[in-house]
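**Q**
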Amino acid sequence: MTTRYNVQTTELKWQKIWEDKQSFRATEDAERQKYYVMSMFPYPSGRIHMGHVRNYTLGDVVARVKRMQGFNVLHPMGWDAFGLPAENAARERKVHPAQWTWDNIKTMRGELKRMGLALDWSREVATCDPSYYKHQQKLFQDFLKAGLVYRKESWVNWDPIDNTVLANEQVIDGKGWRSGALVEKRKLAQWFFKITEFADDLLSALATLDRWPEKVRLMQENWIGKSEGAKLRFALAAQPDQPPDQSIEIFTTRPDTLFGASFLALSPNHPLVAELAKKDGKLAAFVAECNRAGTSEVNIETAEKQGYDTGLKARHVFDKDWLLPVYVANFVLMDYGTGAIFGCPAHDQRDLDFVRKYKLPVKPVVLPEGEDPATFSVGDIAYTGPGKAFQSQFLDGLEVEAAKSKAIAEIKQRGLGEGVTQFRLRDWGVSRQRYWGCPIPVIHCESCGVVPVPEKDLPVKLPEDVTFEKPGNPLDHHPTWKHVACPQCGKPARRETDTFDTFVDSSWYYARYCSATNPDKPVDRKQADYWLPVDQYVGGVEHAILHLLYARFIARAMKTTGHLAVSEPFTGLFTQGMICHESYKDENGKWLYPEEIERKPDGSAVHVTTGGKVTIGRVEVMSKSKKNVVDPGKIINAYGADTARLFMLSDSPPERDLEWTESGIDGVWRFLGRLWRMVDDVVDNLPVLGAAKPSAWDEPSLKIRRATHRAIADVSAAFDRFHFNGAVAKTRELGNLLEEQGRSAFAVNGATAFALREGLETLAQLIAPMLPHIAEEMWERLGHADKMLIDTAWPKADPALLVDESVTVAVQVNGKLRATLSLPRNAPPKDIEAAALADPNVQRALNGASPKKVVVVPNKIVNVVA
RNA sequence: GCGGGCGUGGCGGAACUGGUAGACGCAACGGACUUAAAAUCCGUCGGGCGCAAGCCCAUGCCGGUUCAAUUCCGGCCGCCCGCACCA
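For the record, in the first sequence the residue sitting at position 642 is 1406 according to my numbering, with numbers rising by one throughout.
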């Protein structure tokens, strides 16, 4: 009797059973090998989106496969719950950030649970919870003690209307994204994490992360940006109104081109420039102009090289009578190197552009192979290739690399400077003038300076009674919160009102999961040492640099301070692609949601209510602004979690972008129906569980068994390599075969029926990581009321069934396929060759010619060369 | 500008270390069942020629290596991503 598969009831049924049995709760067990799989935790923005569904499905498949393979799996979930959107909501909707955030968490937790994820919810963390950020504050203080944190003045983007610091991304065309005010560069005292302390290690350890995408490692490598060069001092020629013995320190990676120098250039923010600007109004104006334009990315791209001649002259390091003009230039960055450079226009394009504008000399000092030193000159394109030094005194004749070394040796010997390694990576500024973040746990005292909040007073909790009417930081406006007594001297002092960058929160949550409920310390070493590192981390590639680099840094800092044993938090990383969808616009050019349009049979589209013409746009990444989004909640309500999950895994490889289509969802939905019928239609005719195995397998039963074991091998391999679309294809192949066999042959033969039962049970197991609910239901329908499918062991392929006695050998003549032969496995090459040549099609292709050569690859292919 | 990736049917994509190109799915078309529709099932499905056996062309383009190239090498063309005044 055929039953219908009821998605909603079945899915809720199994979710309840898993929850009641605490099936996915993880505990340390020294006897079992652990496997820690983690997906990037979501920001509680309101509802889950398709990106979350994909991310968590991928992680869940890994968790479930590993669990069935016998690993002790930890698969936790939490909330990256601090951040600006909560404060915006507070301003716009008059709802408290905490309220807004916790409400969202509640909604989204429900949505995630409806996905049927194999998560250990007992370890759930939320970064905005004082029980979480208390420990973050403790970590900060440990880092402070260890010298990994410091406070310094630094340049920030300041919005003078909102009275707040803006991140670079929030500055658009030099204006604040919210207020529209011209952004200023301001110097502000900020907290910094000394990430540069680990620059070398963060770089070299990338080589050990062999289960990370090459792309991410390269991006991190470029971000850290190690370069070898030299720092050296240029003495300033005495000026009437300058103190003597002044000098400018520059950084260069091309000390071999020092004899081609035309000028020195200082950053507009260089201390010496500030000094000069005091007496030079024009210079001050120039600096102000640079600072205004400097923040905009568009400006950087198009900005012309601009310089201001200070009138100062610097003496060339190797020739004190050779005077070089000193400019202030808009393209010199204060926070890289020393904030000052020497310009060698012949061998640096940017310097060349600058020099052409200010009419300075261009002297080539590297001679390309085959050029004549007497005639070689540089036009509009600087020469940056290899060659031999010339017009360079003691460097003459040396290749670039040798000349660099020689120049550095010379500089060092003369006491002018030394070779240095320079990193592009800068220390991590973590201060934010925001309310909804983790308070930085220090107190500023007039007499004692910066005093950490004593451990017994942690956490420093956010005050709840704050207002968001005034621009700026609500913590700073709060009437009482910041006024405290100094913990050291007891005098009135001021609490730090900055909060941490939210990237700090997400840089150690993987460690907190190990001891999620421990009230006393951030992590328990025993637990952390058991679980860490994370074996498989899954998330979006947009975090390839910042988040992953910060997490790697914090792990090192935690190791230094004794909290962890590992320095690399994630040994395996997988970055998934984005979800895309067609976009739609109405006649007025306004974006439309997919459900607002209706497709016509001819491919065009109209508005579903007005019937107006709709323009179908490109397929692009789902985004709220373009309204090309589909709500996962609606999909799960209509088709179930299994359908949504399988769609995420089918077709597109997980690292690539995925196009969401309605027809694709229908296809998956149909597959679920087929799976159910496959079992339900035949189950009553199958041999009972535990029936004796047939003594012999006939051809039809062997066919089923071979396919079953082939599928086990292929699907297992596909899962191992993250080829989830391949795993789907292989399970579908097995399904197709079982369906066909089940319809035709099962009733007539005991062996076939037995093989079919085996096949169906295996199929249920193979799809279980992807379709956990229907798999469990199939398993139960197959008679396993005693043991849940998730508690069974992952099937093993029988090697004997993976090899066929006969193989198909392709036969080519001159590289073109002419025939295929069915031959016994491992037939001797001679026999294969003979069979190939005997084939009528091969004979015809040869057309009487005798073969010059025959290449035989046993069990695969024969190529007859005529 | 620097770094990286990718180009395969109408579409998403498969092809492990070079060895039968197009698995699996979507769409489309034809058929069965039905009063009809839905659902389901069967079949066809890169292009061309042929009644057929079969033949020719085909993995962005041009060339190379090889018995054999989607795969390796060189040069173009196109698309995508990351970083970017980093000295």
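Glycine included, each C-beta is placed from N, C-alpha and C at the ideal position.
Just so we're clear, the structure is a prediction, and the values are computed from it rather than from any experiment.
Under a Cβ-count criterion, where at least 16 other Cβ atoms within 10 Å of its own Cβ denotes burial, should P1216 be classed as buried or exposed?
**A** Result: buried.
**Q** Please say whether L1410 and M1534 have beta carbons closer to each other than 9 Å?
**A** It is a contact, given that the beta carbons lie within the stated cut-off.
**Q** For a quick check, are the C-beta atoms of D1073 and L1116 less than 9 Å apart?
**A** Not in contact: D1073 and L1116 (Cβ atoms no closer than 9 Å).
**Q** Hey, how far is the Cα of Q1155 from the Cα of R915?
**A** So the alpha carbons of these two residues sit roughly 47 Å apart.
**Q** Grab me the residues of L983's own chain with a C-beta within less than 8 Å of its C-beta, minus the 5 sequence neighbours each way, in chain order.
**A** A quick correction: the sequence has Met, not Leu, at residue 983. Same-chain partners within the cutoff: A1308, I1309.
**Q** Between F1317 and S1271, is the Cβ-Cβ spacing less than 9 Å?
**A** Yes.
**Q** Does the distance from the C-beta atom of W919 to that of V1194 stay below 9 Å?
**A** Cβ distance not < 9 Å, so W919 and V1194 don't count as in contact.
**Q** Please confirm whether K1121 and G1024 have their CB atoms less than 9 Å apart.
**A** No, the Cβ-Cβ distance between K1121 and G1024 is not below 9 Å.
**Q** Quick test of the definition: if touching needs 3 or more C-beta pairs under 8 Å, does the segment 1569-1582 touch the segment 1472-1491?
**A** No, the segment 1569-1582 is not in contact with the segment 1472-1491.
**Q** Between C1054, H1080, D1603, A1078, which has its C-alpha nearest E1068's C-alpha?
**A** Of C1054, H1080, D1603, A1078, the residue nearest in Cα terms is C1054.
**Q** Please identify the residue among F1232, Y1100, H899 whose C-alpha is closest to the C-alpha of D1191.
**A** Checking every option, the nearest Cα to that of D1191 belongs to Y1100.
**Q** Please name the residue in V1619, V913, Q1113 whose C-alpha comes closest to that of F957.
**A** Nearest C-alpha to F957: V913.
**Q** Name the residue from G842, M1322, K1255 whose alpha carbon lies nearest to the alpha carbon of T891.
**A** Nearest option by C-alpha distance: G842.
**Q** Should the segment 970-981 be regarded as contacting the segment 1156-1170, the criterion being three or more beta carbon pairs within less than 8 Å?
**A** The segment 970-981, when compared against the segment 1156-1170, does not touch it at the 8 Å Cβ threshold.
**Q** Quick check: the segment 1200-1207 against the segment 1235-1252, are at least 3 beta-carbon pairs closer than 8 Å?
**A** The segment 1235-1252 is in contact with the segment 1200-1207.
**Q** Going by other Cβ atoms of all chains shown within 10 Å of its Cβ, with 16 needed for buried, is N1237 buried or exposed?
**A** Its Cβ being crowded by 16 or more others within 10 Å, N1237 is buried.
**Q** One question on the structure: do M1442 and L1328 come within less than 9 Å of each other, judged by their Cβ atoms?
**A** No, these two residues do not count as a Cβ contact at 9 Å.
**Q** Can you give the Cα-Cα distance for G1397 and L876, rounded to whole angstroms?
**A** Cα-Cα distance, rounded: 10 Å.
**Q** Would you call L1047 buried or exposed, if buried means 16 or more other Cβ atoms sit within 10 Å of its Cβ?
**A** Buried: at least 16 other Cβ atoms inside 10 Å.
**Q** Per the contact definition of three or more C-beta pairs closer than 8 Å, is the segment 1383-1395 in contact with the segment 1342-1350?
**A** Enough Cβ pairs lie closer than 8 Å, so yes.
**Q** Measuring straight from C-alpha to C-alpha, what distance separates A1408 and Y807?
**A** So the alpha carbons of these two residues sit roughly 21 Å apart.
**Q** Verify whether the separation of the beta carbon atoms of F1106 and Q1157 is less than 9 Å.
**A** Not in contact: F1106 and Q1157 (Cβ atoms no closer than 9 Å).
**Q** Could you check which residue in I925, A1146, R1114 has the C-alpha nearest to that of V1129?
**A** Comparing Cα positions, the closest option is A1146.
**Q** Check the C-beta distance from V1268 over to C1212 and give it rounded, since I have them as a contact under 8 Å.
**A** So it is not a contact: roughly 25 Å between Cβ atoms.
**Q** Reducing DSSP to helix, strand and coil, say where K1617 ends up.
**A** In this structure, K1617 counts as strand in the three-state DSSP scheme.
**Q** Report the rounded CA-to-CA distance for I1172 versus L1180, giving the unit in angstroms.
**A** Between I1172 and L1180, the C-alpha separation is close to 10 Å.
**Q** Can you tell which of P1286, P894, L1189, Y1277 has the C-alpha that lies nearest to the C-alpha of L1296?
**A** Among P1286, P894, L1189, Y1277, the Cα nearest to that of L1296 belongs to Y1277.
**Q** Taking the alpha carbon of W1631 as the reference point, which residue from S886, A1405, L1422, P1035 has its own alpha carbon closest?
**A** In the structure as shown, the chain begins at 765 and stops at 1630. Residue 1631 is therefore absent and cannot be evaluated.
**Q** When burial is assigned at 16 or more other CB atoms within 10 Å of the CB, is V1051 buried or exposed?
**A** Buried.
**Q** Only counting the same chain, and skipping five residues up and downstream in sequence, which positions put a Cβ closer than 7 Å to that of H1080?
**A** The residues are A1025, W1086, L1088.
**Q** If you run the structure through DSSP and keep just helix, strand and coil, what is F1023?
**A** Looking at F1023 - three-state DSSP - the assignment turns out to be helix.
**Q** Excluding five sequence neighbours on each side, which residues of the same chain lie with their C-beta closer than 6 Å to the C-beta of Q1070?
**A** Closer than 6 Å at the Cβ level, and outside the excluded window around Q1070, lie N1094.
**Q** Would you check if the distance between the CB atom of V837 and the CB atom of A790 is smaller than 9 Å?
**A** Yes.
**Q** Check G1134 in the structure and name its three-state DSSP category.
**A** Of the three classes helix, strand and coil, the one that applies to G1134 here is coil, per DSSP.
**Q** Restricting to Cα atoms, I'd like to know which of E1544, A910, L1028 is closest to T1325.
**A** Residue A910 is the option with its Cα nearest to T1325.
**Q** Cα separation between F998 and F1264?
**A** Distance between the alpha carbons of F998 and F1264 is about 40 Å.
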